[in-house]
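Counted the way numbering that gives the first Met the number 0 counts, the sequence shown spans residues 0 to 657.
Yeah, the Cβ is synthetic: ideal placement off N, Cα and C, and Gly gets one too.
As the structure is a computational prediction, the values presented were derived from the model and not from experiment.
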Amino acid sequence: MSAFFRKRPIRVPLFFLSLLGLISALLLLFWHVWIGIIVAILFATVLLIGWQLEKRLYEETEKHIETLSYRMKRVGEEALLEMPIGILLVNEHWTIEWANPYMARELEFDSIIGENLFSLSEEFHSLVKQEDNKEQTISLSGKKFKIYYKQQEKLLYFFDITEQTEIETLYHADRSVIGVLFIDNYDELAQGMEDQTRSQLNSMVTSLVNNWGAGYGIYVKRISSDRFIAVLSESILHELEKTKFAILDDIRETTSKLNLALTLSIGVGAGSSSLVELGQLAQSGLDLVLGRGGDQVAIKQPSGKVKFYGGKTNPAEKRTRVRARVISHALRDLIQDSDQVFVMGHQLPDMDAIGASVGVRKMAEMNQINGYVVIDFDELDQSVTRLMEEVKSKPDLFERFITPEEALSKLTDHTLLVVVDTHKPSMVIDEKLLNRAEKVVVIDHHRRGEEFISNTMLVYMEPYASSTAELVTELLEYQPKHDKISMLEATAMLAGIIVDTKSFTLRTGARTFEAASYLRTNGADTVLVQRLLKEDIATYIERSKIVQTVEFFREGIAIAHGEEMNPYSQVLIAQTADILLTMKGVSASFVVAKKDNGDVGISARSLGEINVQVIMEKLGGGGHLTNAACQIKNGMIDIAIEQLKLAIIEIVEGGQST
């Protein structure tokens, strides 16, 4: 009971009141005897009743408090021993000193007293090391417990949340998922078919997709000649992920037996309770897949996280130039509505980026608009440096090459910025210029990744193309002929095509040769190309030293590395990977080496059997199915090789990238 209550503080005012009444009665007696006697008797009666009430109230309150205290003690003991809340008390050595009966029943120990806390679960290590939020969910004896840890008292409270967790799991498993299935190249293949053949193809594809849906309990509906809509749950989606979306292989293999190159692309929206948002996510995922070349699945979440499956084939080359003509006309209109055009490639630009930049600048000139190539003159490889030496001999052309600082000073609200050979904001020469530009166009031949330049007015991405220079050459053919392409401009673009195709040996289609033919007709000098692409003896020796370190990690997978303390250029790393790929028994090559900026660079090449793009995406990079790369910030070569091997194992054995 409170010490303040035991002092009975109400007696103090009663005492003073009694004293005051006595004095008042005495004064009244001196003034009038009978009135004083009457007042004294009345006051004494009231005072006596007040003191008796105070005494009785005190005794009743004391009795009530003692009863309540006893009951609270009983309830506390009952709660401590009988309520379904686990309590453990540990010492400074994490040995259990006491446990309430509920906890003793829940844990699979004959006697839990004396057991070490960490012998129950290793997860307790992370709980006790937390500094602010001392709570964590841990699995014990087949149940889920939310545990609160009181550090000062060395006390742990256990709340059984098994049922709650199961309900949450059921809720997430039953959430709706929407998928959009698109048949790649259907219109082009069906265009020249007879009605009967087209009908058989439709029936076969519809049957394959419907059987796949029926096998997993998915509602599938064909909504157009080349498109299906699918409605499923997240539990079914998890089952599909375990099979790596085998429907992709079924469609590809079945149609290939009929000599038809049909593949399936799927965009999936998941993780939201809004059907509208799920539909938008599914369409966005499909756009992402088509930008990466098709024959893949993209599962997109509201958070922006994307999982990719498939991507085992090279994207099929388009058979029509209609898209190139439409894009060229749209770009022409954007150029004519601008006061000037800036063209910018990726950091450490190669011949493809420079060649494409020169071509886009020429488009601006053909439309009688000033065009400039933004370039960092301090970050050029040897071949681009030789090209710039040739450009210096043409003052009218050389003055059109400006630094990022000059571009920022010239930039206006009506300036058009064209980004070539990359679609990642972090990869451009100057991200500040990109962020300040109001009008942006992207032209690229790489498969689309998760990181993408936002708020673009026009995007021309064709993963089937050998190079960005090839795409720009096609666009040039539909521009106004106010000005003829010069020999040096044509040579720069041809050099870009030759570099990215390894002299027309990789990723080369009919359109590649048509573009090269157009450039050759406009004066491209093949001898000058060879002179620009020549390398010195020291570079050749450095590359040979890296080749000597080659090891075969898996059958057909070669990994080579440079010296830890020796920096290498990105071009040399890439060239070494190309050289390894020409060796007998090599179907995929990886070269790991330190770069000039201190990062670890990895260049990956393959003949198409292994998708090196998804392997590099695992490590934060990207590229094509047969040509990709990544950078690991401030890494070590040994650690980078281990990370690479883990990524290879996951992709080669699983076929999935996140």
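- Restricted to the stretch 30-64, not a single alpha helix (DSSP H) segment is unbroken, complete and at least 4 residues in length.
- A straight line joining the alpha-carbon of S466 with that of L330 spans about 19 Å.
- Using a Cβ distance threshold of 7 Å, E389 and L347 do not count as a contacting pair.
- About 5 Å separates the beta carbon of S120 from that of I137, a gap short enough to meet the 8 Å contact definition.
- In this structure, DSSP gives E134 an extended state, which the three-state scheme calls strand.
- In the pairwise beta carbon analysis, the stretch 558-577 is classified as touching the stretch 587-604: at least three pairs are separated by under 8 Å.
- Annotation: the stretch 245-311 contains the following complete segments of the alpha helix (DSSP H) (minimum length 4 residues), in chain order: 246-255 and 274-290.
- V570 is not a Cβ neighbour of L579, given a cutoff of 7 Å.
- Distance from the CA of T44 to the CA of S17, rounded to the nearest whole angstrom, comes to 11 Å.
- For H237, the closest of L257, V325, Y215 and V219 by C-alpha to C-alpha distance is Y215.
- Short of 6 Å from the beta carbon of A464, and not among the five residues preceding or following it, lie these beta carbons of its own chain, in chain order: H444 and L470.
- The shortest C-alpha to C-alpha distance from K438 to any of E449, M456, K423 and S425 is the one to M456.
- A residue is called buried when at least 16 other Cβ atoms come within 10 angstroms of its Cβ; R104 does not meet this threshold and is exposed.
- For M460, the beta-bridge partners assigned by DSSP are D443.
- Counting C-beta pairs with one atom in each stretch, the stretch 497-508 and the stretch 474-486 have fewer than three that are closer than 8 Å, which means they do not touch.
- If you check the CB distance, V417 and V372 do not come in under 7 Å.
- Shown here, W93 sits in coil according to DSSP, grouped into three states, outside any helix or strand.
- Put simply, the stretch 517-525 touches the stretch 481-492. At least three CB pairs are less than 8 Å apart.
- A residue is called buried when at least 16 other Cβ atoms come within 10 angstroms of its Cβ; W33 does not meet this threshold and is exposed.
- The residue among V176, M192, K243 and Q199 with its C-alpha nearest the C-alpha of I228 is V176.
- Contact between A639 and I650 is absent: CB atoms are separated by about 16 Å, not below the 8 Å threshold.
- If the five residues before and after W97 are omitted, its C-beta is found closer than 6 Å to the C-beta atoms of L88, all from its own chain and listed in chain order.
- Excluding five sequence positions before and after G278, the CB atoms of its chain that fall closer than 7 Å to its own CB belong to I177 and G268, given in chain order.
- Under the three-state reduction of DSSP, D159 is assigned to strand.
- Scanning its chain for C-beta atoms nearer than 6 Å, with the 5 sequence neighbours on each side dropped, one finds around I265 the residues G178, L180 and V296, in chain order.
- Fewer than three Cβ pairs drawn from the stretch 271-285 and the stretch 202-215 lie within less than 8 Å of each other, which leaves the two stretches out of contact.
- Three or more pairs of CB atoms, one per stretch, sit closer than 8 Å, so the stretch 332-339 contacts the stretch 352-366.
- If you draw a straight line from the Cα of L527 to the Cα of E534, it comes to about 14 Å.
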